[in-house]
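Residue numbers (this note's numbering), protein chains in the order written: chain A, 9 to 151; chain B, 9 to 151.
There are 2 protein chains.
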Amino acid sequence: MPNHLDNQLCFLLYATSKEIIRRYTMLLKPYDLTYTGYIAILALEDDEQITVKELGQRLFLDSGTLTPVLKKLEVKGYVRRERSKEDERQMQIYLTKSGIEVRQKLPEVSRQVIKQSNITEQQYMQLRNVLQDILQKDCPIKD
Amino acid sequence: MPNHLDNQLCFLLYATSKEIIRRYTMLLKPYDLTYTGYIAILALEDDEQITVKELGQRLFLDSGTLTPVLKKLEVKGYVRRERSKEDERQMQIYLTKSGIEVRQKLPEVSRQVIKQSNITEQQYMQLRNVLQDILQKDCPIKD
DNA sequence: ACCAATTAGATTGTGTGCAATTTAATTTTG
DNA sequence: CAAAATTAAATTGCACACAATCTAATTGGT
């Protein structure tokens, strides 16, 4: 591995990620959604109730980040939060009708962001594969 | 471009970037550096004075982010900040002796992070090329 | 059944990240 | 040359991220 480039790679990852999120944020404004709110809604299936913990596992986020985001999504009317009756510690999250509606419009936003970045299908696949590799190889170490 | 994967790619980028930064943050603790402080120090050459604006261009960060970071680096003794005499609006930033010293140790941190992610040299090159492409293609739109 | 250990979510504190505004200095222009 | 426009940093406000702590609920062991 070429040492003098180590930093470039990590920094590129960081800079590109920020830039992509910035673009999402702009396009999500009409829906009154932030990027975090967006991925939270996308992670919820239409007829599904999941806990904050489960949602956090899908998004790699903890309750410290998710709790405020979900409260805001609730105020906007996109999700509902209910204490589980079987286990009072758990909070059940699910999409409202309005949340399901907005969720259906979101793929268009995503399509536009990808379009802007102008990458080829091959590059797209390469990038996805490498990132999945890195993230998966990271998982065992985290535990 | 396969539509149903659009989101996966952007999310992967976001999640991987966060994970890599998390690893940096852990390894940087002994040096009393955050990731942002780290890239700021790396962006400064040993015998160079640059303005906050210039530094921001290198790091894709604005004064709103950089000013507090640089003030903290100054308190830690890694950089110095001085008003330019030619143009009082500008703040000149440069590494102290201590900053130059710590800077020399940082490539080792970077090497360790790359090592942990276990990617092949080919993957490394692919990733770098695609990210550079995306970031460059994005730039004209920003201006 | 009781108490220690665990677990889920919320809260707190620190550090970004960025848009928007402010302030002070410099440059441009009529 | 003076007023207007521009520019550099700093400041403000909002929204994450995440570690650490807290609280309440549940579970496990005896």
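Built from N, CA and C at the ideal position, the CB exists for glycine as well.
Predicted model, so just to flag it, every value in this text is computed and none were measured.
Here's the rule I'm using: 16 or more other beta-carbon atoms within 10 Å means buried, otherwise exposed. How should residue i be labelled?
| i | result |
| --- | --- |
| B:T44 | buried |
| A:E27 | buried |
| B:S125 | buried |
| B:R91 | exposed |
| A:S25 | buried |
| A:S118 | buried |
Looking at C-alpha atoms only, which residue of the options is the closest neighbour of residue i?
| i | options | result |
| --- | --- | --- |
| B:L104 | B:Q120, B:R111, B:Y86, B:E96 | The amino acid at residue 104 of chain B is misidentified as Leu; the sequence shows Thr. Considering only alpha carbons, the answer is B:Y86. |
| B:P115 | B:L36, B:I142, B:Y132 | B:L36 |
| B:I127 | A:L74, A:Q120, A:V138 | A:V138 |
| A:K84 | A:Y39, A:L69, A:T73 | A:Y39 |
| B:L74 | B:M34, B:A48, B:M133 | B:A48 |
| A:Q57 | A:L41, A:K93, A:Y132, A:T42 | A:K93 |
| A:Q144 | A:F68, A:R30, A:M34 | A:F68 |
| A:Y132 | B:M34, B:R66, B:I142 | B:I142 |
Within 7 Å of any Cβ in chain B, is that where the Cβ of residue i sits?
| i | result |
| --- | --- |
| A:S106 | no |
| A:R88 | no |
| A:I58 | no |
| A:L135 | yes |
| A:Q131 | yes |
| A:L81 | no |
| A:L52 | no |
How many whole angstroms separate the CB atoms of residue i and residue j, which I take to be in contact at a CB cut-off of 8 Å?
| i | j | result |
| --- | --- | --- |
| B:T59 | B:Q112 | The pair is not a contact, with the Cβ atoms about 24 Å apart (cut-off 8 Å). |
| A:I101 | A:L63 | 6 Å |
| A:R89 | A:E82 | 6 Å |
| B:L20 | A:Q140 | 6 Å |
| A:Y32 | A:Y46 | 7 Å |
| B:V77 | A:C18 | Between A:C18 and B:V77 the Cβ distance is about 17 Å, and since that is not below 8 Å, they are no contact. |
Counting contacts by CB-CB distance shorter than 7 Å, is residue i in contact with chain A?
| i | result |
| --- | --- |
| B:V3 | Lying before the first or after the last residue shown, residue 3 of chain B is absent from chain B, which here runs from 9 to 151. |
| B:A48 | no |
| B:A23 | yes |
| B:P148 | Bear in mind that the predicted position of B:P148 carries a pLDDT of just 34, short of 50, making it unreliable; the figure below should be weighed with that in mind. No - not a single Cβ of chain A is within 7 Å of the one on B:P148. |
| B:I28 | yes |
| B:S71 | no |
| B:Q112 | no |
| B:M99 | no |
| B:S92 | no |
| B:L63 | no |
| B:L35 | no |
At a threshold of 6 Å, does residue i count as lining the ligand ZN (C-beta to nearest heavy atom)?
| i | result |
| --- | --- |
| A:L78 | Annotation note on the ligand ZN: not contained in the displayed structure, which lists no ligands. |
Touching or not, the region 35-53 of chain B and the region 108-115 of chain B, by the rule of three or more beta carbon pairs under 8 Å? Counting Cβ pairs under 8 Å, three or more are found: they touch.
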